[in-house]
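Residue numbers (the working numbering), protein chains in the order written: chain H, 1 to 219; chain L, 1001 to 1353; chain B, 2001 to 2445. Written below as C-alpha cells is the structure these notes are about.
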Amino acid sequence: MTLLDFARGPALQAALMIFALGVVWRAVGAVLIQRTTDFSQPRRGTAERVAGGLRTTWSRFFVSEALEKRIHFQHIAGALWHLGFFIVLLLFVPHILFFESLLGFGWPGLPNPVILVVAAITLATLLAVLIRRMTNPVSRIISTTDDYISWIVTALPLVTGIMAGAHLGLRYETMLALHLLSVALLLVWFPFGKLMHLFLIWPARYNVGALFARRGVRI
Amino acid sequence: MTEPLTLGESLRRQGVSRRGFLGFCAATASLMALPPAMVPRIAEALERAKRPSVIWMSFQECTGCLESLTRSHTPSVEGLIFDYISLDYQETLQAAAGTAAEQAREEAMKANWGNYLLIVDGSIPTAEDGLYSTIGGVTNLQSLQDAAEGAAAIIAVGSCAAFGGLPMADPNPTGAVAVSDLIHDRPVVNVSGCPPIPTVIAGVLAQFLTFGTLPELDPLGRPKTFFANTIHDRCYRRPFYERGQFAESFDDEGAKNGWCLYKLGCKGPVTYNACATVKWNAGTSFPIQAGHGCIGCSEPNFWDAGGFYRALPQGTMTSVGAIGAAAAAGAVIGAGAAILARGKQKQTAETEQ
Amino acid sequence: MSMNTEAFAQFREGVNQLPEMAPPPAQMTDQQRVQAFKKTIVESIKAHQAVGLETCVHCGMCAQACHYFVATGNAKYTPIRKLAPLRRVYRRELSPMRWLVRLVTRDITAKQLEDWQELIYDSCTECGRCSLVCPTGVHIQDMIVMSREALANAGLAAAELRMMSTEQGEKGTMFGMGKDTLVQTIEQFRQKGLEIPVDQKGSEVLVVSSVIDMFLFQDTLEGTIRIMDAIGRPWTYSTCGYEGANFGYMAGFQEYRKAASMRVIDAAIDLGVKTVIVPECGHAYPALRWDGAAVYGKPLPFEVLAISEFIAREIKAGNLRVKPLAEGKTVTFHDPCKLGRMGGVFEEPREALDALGVKISEPDVNREQSYCCGGGAGNFLIKRAAPLRAQVWDKKRQQFDRTGAEAVVTSCDSCRINFSVGAQDTRWDKPIESLAAMVGANLAE
Chain H
1 MTLLDFARGP ALQAALMIFA LGVVWRAVGA VLIQRTTDFS QPRRGTAERV AGGLRTTWSR
61 FFVSEALEKR IHFQHIAGAL WHLGFFIVLL LFVPHILFFE SLLGFGWPGL PNPVILVVAA
121 ITLATLLAVL IRRMTNPVSR IISTTDDYIS WIVTALPLVT GIMAGAHLGL RYETMLALHL
181 LSVALLLVWF PFGKLMHLFL IWPARYNVGA LFARRGVRI
Chain L
1001 MTEPLTLGES LRRQGVSRRG FLGFCAATAS LMALPPAMVP RIAEALERAK RPSVIWMSFQ
1061 ECTGCLESLT RSHTPSVEGL IFDYISLDYQ ETLQAAAGTA AEQAREEAMK ANWGNYLLIV
1121 DGSIPTAEDG LYSTIGGVTN LQSLQDAAEG AAAIIAVGSC AAFGGLPMAD PNPTGAVAVS
1181 DLIHDRPVVN VSGCPPIPTV IAGVLAQFLT FGTLPELDPL GRPKTFFANT IHDRCYRRPF
1241 YERGQFAESF DDEGAKNGWC LYKLGCKGPV TYNACATVKW NAGTSFPIQA GHGCIGCSEP
1301 NFWDAGGFYR ALPQGTMTSV GAIGAAAAAG AVIGAGAAIL ARGKQKQTAE TEQ
Chain B
2001 MSMNTEAFAQ FREGVNQLPE MAPPPAQMTD QQRVQAFKKT IVESIKAHQA VGLETCVHCG
2061 MCAQACHYFV ATGNAKYTPI RKLAPLRRVY RRELSPMRWL VRLVTRDITA KQLEDWQELI
2121 YDSCTECGRC SLVCPTGVHI QDMIVMSREA LANAGLAAAE LRMMSTEQGE KGTMFGMGKD
2181 TLVQTIEQFR QKGLEIPVDQ KGSEVLVVSS VIDMFLFQDT LEGTIRIMDA IGRPWTYSTC
2241 GYEGANFGYM AGFQEYRKAA SMRVIDAAID LGVKTVIVPE CGHAYPALRW DGAAVYGKPL
2301 PFEVLAISEF IAREIKAGNL RVKPLAEGKT VTFHDPCKLG RMGGVFEEPR EALDALGVKI
2361 SEPDVNREQS YCCGGGAGNF LIKRAAPLRA QVWDKKRQQF DRTGAEAVVT SCDSCRINFS
2421 VGAQDTRWDK PIESLAAMVG ANLAE
C-alpha cells in the first residue's frame, strides 16, 4: 500500500470516524449540562426571544460601531481567514467531489487559479494572525497550547494543498498524500481543541441572544 | 538460430535506407531527451550492435503487452529492430513448441550466460508454492528464478510484471506478485502500462543496445524518460480542468466539447506515462483524446484504486455508514458524560460546605 | 453637584475607612479554599455557560470592550482571563472530555484564587459589555457573577464588600443605618408637607428605597415621593422591606443576598401590592427584577419596575404631568449597565427627559453599548481600586465633554457616586443629576 493509498483510505476513514465521534460527544456533552428554569417575568414573549437568539447567531459576524476602531485587525483578519478557508474548502472542484462521495450531492465550483490565489491570501492571513497572537499583549496573555496546535493543524492542509496543487515540493502523489494526511490530522485534533467553535458558536450565540432578548436587550 | 549479422547489416538487408536509419536514431535521441550530438553515437552503436540474446518469458499475462509491441499498421522501424534482436524464446512468436522450445531456451541461456536480456511479462503467482501457473510442469516462480540467474538485466514489461497488475487485484487468489518482489540482485526496469506504449519498449531497448546501460529510473523503477510526468501535466485538456469545465457524463455537452474528464474518473493526475505526448498507434490518439478518462494503468494497484469512473477524490474507500455509526456512538458517550456531570452537580449541591 | 456636599464628604471618609473596619476573613486552609471554590462552580454551571466555555477561541475582542482594559491598556484585565479559574474547574470537573483534560491540566491553587480576587472584584463591575461583543457567544458576565460567589465561599471576597454584606445580611443595616434612618428621613419630609404612607396594607405599589438615598441623595428620595403623590395611586413604604441595595448579591454571599431580597419580597407579599418600584440603585434592579424569583423559588406575585420605567409609563398614561424645565437645557444621559444592557430599560428615561423638554445629546456609545461608570457591583467601595476607577472616569469625562452637554443625567446611585467622586477629584464642574430627582422637582401643578 502506497502512502497515498493509506492516506486516501484507512487514514481518512479513521480520521472521519474519530472526528464524528469526538464532535458529537463534545457538543452533546456540553449542551446537556444542567439547565435551570428562570422564574422571572420575561420582557419579551417566546417568539421574540427565539427571534432574538437567531438574530444574534448572525449579528455576531459583525462588529458594533462601539468596537469597530479597536478591533479592525481581528475583524478583518478573522473574516478574510474564514472566508478564504471556506472558499477553498467548499469551492475547489476536487474537494466538492470528495464531499459528493460523502453526502451524495455536489455543487458548482470556482476555476482553479482563483482558488490558488484565495488559498495564498488565506495562508498569508493565517501567518499574520499567528504573528499577532505571539506579539499582541492581550493575545499573548490568554493564548494556550490549544491555540498553537489548532493553528498548526489548520495551516498544514493549506500549505500542503497549495504545494500539491502548484506542483511544489515532492512528487505530486506524495504531496497529495501529505495533504490528505494533514487533513486527517486536522480531523483527529478537531474535537479536542478550539476548532469546535465551528459547531458550538451556534448554540452559544443563540443562548446569549435569547438571554438578552428575554431582558429586552437586542444584541 | 542466431545469425551473426550486425544490426546495421540486418536493417540494410531489410531495405532500410541510411537516411531512414539516421532518422530513427535522431527520433530516439530526441525521445530520450539526449542532445543531437549523441545521434551519431547512437547510429554507430546500433550499426555495430551485436544482436543480443533476449529471453522473453511470459507468466500470468494476457499477451496484450506482446500484442501492443508487435502491432504495427505499416512495417515500422521498431518492428524491424525487434526482429533484429536475437529473440531466443518467446512463446507466442516462436515456431517451436513443447520440449523443443524449452531446450532451445536453455541452450541460449547457457551460451549467453550473464549477458542475455530477460524480458518478463505477466505476474508471478506465489500461492500454493506457485502452482497456479506452470509451463512444462515448472512453476513460473521457479522459471523466473532460474532465468534471472544468468540475466544481465530484467525488463518487466507491462503492469503485471512491473507491479502485479490484474491478477494482484483484490482478493489476489493466486498470490500474484511483481518481478521486483522476487528478484533483488539484478537490475529490473519496470516498463509499466496495460499495455505499455510500443515506443517505450523500443526506447529502452535502444538505450541498452546503444550504451549497454539501462535508463535512469524513477522511484518505481520506470524509465524517467517516459514516466517522469503525469498524464495530467501533459494533457491537452488541462486548460479545461483549470477553468472548471468538466464533462459530467459521457454524452453531455461537456463531453462533446472535449472538456476535462476528471469528474468521470480520470486518474491522470496520479498516473505517470507518456500517453499524452507520445500517444498510441504511432501518435494517433490516447484514451482521453478518445473521450475516456485515464484509468491509471501504468500505476501499481490501479485496479483497486477506487474505480475507473469514480473521480480521484471520491475513491477513498470511505464508508459513510461507519462515520454515522461513530457519530451515534459519540452521542451516546456525550449524553453519558452529561448525565454523569449532572449527577455530580446535584450531589455537590446537596452536600454541606 | 445637586447633593449634600457635607454628606458626600462624610460618605467618602466612611468608605475610606471600610478596609480597617472590616473584620478579618474566616480562617481557611488552602485546600479548603480550593474545595469551596470548586464546589460552587460545579453546582452552579449551566448548559449555556458550558457551551460558552467550550467555544472561546481566545480572540481577545472582549478586552477591547472592557472599560478597565480600554482605560489602562493592561492586558491582565482581559475579561475571559478573569474566568480562568472557573474555566479550569469546569473543564476538569464537568466538561464532556474531562477525563482527557485532567491528563493535561493541573488543578487550580489557592494562590491563583488569591491572585484573582482583584480581577474578579476590583476590575470587573459585571457590566456585561464583554458578553455583548464576544463573537463566539460566551456570556462572560454571568460567569463573573458565579466567580464572585465561588471566591466569597472560599473566603476571598473583597474585604469591603464582605463587611457590607455581612452587616446587611445579619442586621439589615448599611453603614449602621437602617429602619431608624428611614423613619427619621420620612419624618423630615413629612415636615415639608409631603404625604408619605408607611406600612399601608392593601396598597397598589410598594416603593423600595435605599440608605444611600436617605443619607446622600435626598433629592432623589424627595423626587420619588413627590412623583408617587402626584400619580395618586395608593402606594407605601415598608419599614421591613425598604432597602433596594443588596450587598450579598454584589459580593457573592448567597445567604446574605437571599436575606436582603426576601425582606423586600416578604414585605411586598405581606402588604399585598401589585407593583414594587426599585429605587435608582444599579444592582437593585436586576437583584429583584431578574434574580428575585430565583431566590423566591417561583415567579414573584408582583411586577417589578425601575422608577424610570414607572415614571415613563405613568406619563404615557396621563397620570403624571411634568412641566418643561425653564432653562431648556442640553443634557447627556448615561445608561447604567444594570438598568440598560443588563436590564432592558433604555427608552423610558429618555421619554421622561423628552417630557421635561430637555435636549438629549447622546454619548458616542450609548444604550446597550454604553461604557460602564467603572464603579458598579459595589466596586465604588473598594479602596485599593480607586486609582483604577480614576482612569475609567477619565474616559467617561472625555466622553461627556464630547457631547457638549451641560449636565449628566443618570438613573443609578452607584453611577452617580462614581461620577461625583471623579468630578470632585478632577474638578469637573458639570452636575451629575438623578432622573427621579429631576422629574420630581418639575411636576406640573
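C-beta atoms are modelled at their ideal positions from N, C-alpha and C, and glycine is treated no differently. Remember, predicted model here, so these are calculated numbers, not experimental data.
Proximal residues to residue i (C-beta, below 6 Å), its chain only, five neighbours per side dropped
{"i": "TYR1986(B)", "result": "Lying outside 2001 to 2445, the shown extent of chain B, residue 1986(B) is not represented and no answer is given."}
{"i": "MET1109(L)", "result": "GLY1150"}
{"i": "LEU2182(B)", "result": "TYR2242"}
{"i": "GLY53(H)", "result": "TYR206, GLY209 and ALA210"}
Which residues DSSP lists as bridging residue i, in chain order
{"i": "MET2177(B)", "result": "MET2174(B)"}
{"i": "TYR1089(L)", "result": "ILE1055(L)"}
{"i": "ILE1124(L)", "result": "VAL1177(L)"}
{"i": "GLN1060(L)", "result": "SER1123(L)"}
{"i": "CYS1260(L)", "result": "PHE1246(L)"}
Close beta carbons around residue i, own chain, < 8 Å, minus the five adjacent residues each side
{"i": "HIS1073(L)", "result": "Reliability of the predicted coordinates at HIS1073(L) is poor, the pLDDT of 41 falling under 50, and no value is obtained from them."}
{"i": "ASP1129(L)", "result": "THR1139 and LEU1141"}
{"i": "ILE2108(B)", "result": "VAL2034, PHE2037, LYS2038, PRO2085, ARG2088 and VAL2089"}
Cross-chain neighbours of residue i in chain H, by beta carbon under 8 Å
{"i": "ARG2313(B)", "result": "Those within 8 Å of ARG2313(B) in chain H number zero; the least Cβ separation is about 13 Å."}
Cβ of residue i within 8 Å of any chain D Cβ
{"i": "MET17(H)", "result": "The displayed structure is made up of protein chains H, L and B, and chain D is not among them."}
Simplified DSSP assignment, three categories, for residue i
{"i": "SER1072(L)", "result": "Low local confidence applies: a pLDDT of 47 at SER1072(L) is under 50, so the model's placement there is unreliable, with the coordinate-based value given in what follows. In this structure, SER1072(L) counts as coil in the three-state DSSP scheme."}
{"i": "ALA1153(L)", "result": "strand"}
{"i": "SER2203(B)", "result": "coil"}
{"i": "LEU4(H)", "result": "helix"}
{"i": "TRP2235(B)", "result": "strand"}
{"i": "TRP1280(L)", "result": "strand"}
{"i": "PHE1240(L)", "result": "helix"}
{"i": "GLU2433(B)", "result": "strand"}
{"i": "ASN2418(B)", "result": "helix"}
{"i": "ASN2246(B)", "result": "coil"}
{"i": "VAL2138(B)", "result": "coil"}
{"i": "VAL2408(B)", "result": "strand"}
{"i": "SER1249(L)", "result": "coil"}
{"i": "TYR2121(B)", "result": "helix"}
{"i": "ASN1190(L)", "result": "strand"}
{"i": "MET2438(B)", "result": "helix"}
{"i": "PRO1223(L)", "result": "strand"}
{"i": "ILE2382(B)", "result": "coil"}
{"i": "SER1319(L)", "result": "coil"}
Residues that residue i contacts on chain L, provided the C-beta gap is smaller than 7 Å
{"i": "LEU5(H)", "result": "The sequence shown places Asp at residue 5(H), not Leu. In chain order: ASN1301."}
{"i": "VAL2042(B)", "result": "LYS1344, GLN1345 and THR1348"}
Chain-order list of residues whose beta-carbon lies under 7 Å from that of residue i (same chain, five-residue window excluded)
{"i": "PRO1075(L)", "result": "Note that PRO1075(L) has pLDDT 41, beneath the 50 cutoff, so the model's placement of it is unreliable and the number below is only indicative. Closer than 7 Å at Cβ, skipping near neighbours: no residue."}
{"i": "THR2220(B)", "result": "ASP2213, GLU2280, SER2434, ALA2436 and ALA2437"}
{"i": "GLY2137(B)", "result": "GLY2052 and THR2055"}
{"i": "ALA2230(B)", "result": "LEU2320 and LEU2443"}
Contacts that residue i makes with chain B (C-beta to C-beta distance below 9 Å)
{"i": "GLY1193(L)", "result": "None at all; the shortest Cβ gap to chain B is about 51 Å."}
Contacts of residue i in chain B (Cβ-Cβ under 7 Å)
{"i": "GLY52(H)", "result": "Residues of chain B passing the Cβ test: none, with the nearest at roughly 11 Å."}
{"i": "THR36(H)", "result": "LYS2046"}
Proximal residues of chain H, C-beta to C-beta of residue i below 7 Å
{"i": "LYS1263(L)", "result": "LEU97"}
{"i": "ALA957(L)", "result": "Residue 957(L) falls outside the range modelled here, since chain L spans only 1001 to 1353, and no answer is possible."}
Partners in chain B for residue i, counting only beta-carbon separations shorter than 8 Å
{"i": "THR144(H)", "result": "HIS2058"}
Residue i: contacting residues in chain L (beta-carbon distance under 8 Å)
{"i": "TRP107(H)", "result": "Near TRP107(H) there are no residues of chain L at all, since even the closest Cβ is about 12 Å away, more than 8 Å."}
{"i": "LEU2094(B)", "result": "ALA1341, LYS1344 and GLN1345"}
Per-residue contacts from residue i into chain H (C-beta, under 9 Å)
{"i": "MET2097(B)", "result": "GLY22, TRP25, ARG26, GLY29, PRO191 and PHE192"}
Exercise for review: Kindly provide the ranges of any alpha helix (DSSP H) runs that are 4 or more residues long and lie completely inside the segment 2267-2317 of chain B, ordered along the chain.
Suggested key: 2284-2289, 2292-2296 and 2307-2317
Point to revise | 4-residue-minimum alpha helix (DSSP H) runs that sit fully inside the segment 2034-2115 of chain B, ordered along the chain | key: 2047-2055, 2061-2065, 2067-2072, 2079-2082, 2084-2093 and 2098-2104
Exercise for review: Within the segment 2319-2379 of chain B, note down every full beta strand (DSSP E) run reaching 3 residues or more, in order along the chain.
Suggested key: 2330-2333
Exercise for review: Jot down the residue ranges of each uninterrupted alpha helix (DSSP H) in the segment 142-188 of chain H, minimum 4 residues, whole runs only, in chain order.
Suggested key: 145-165
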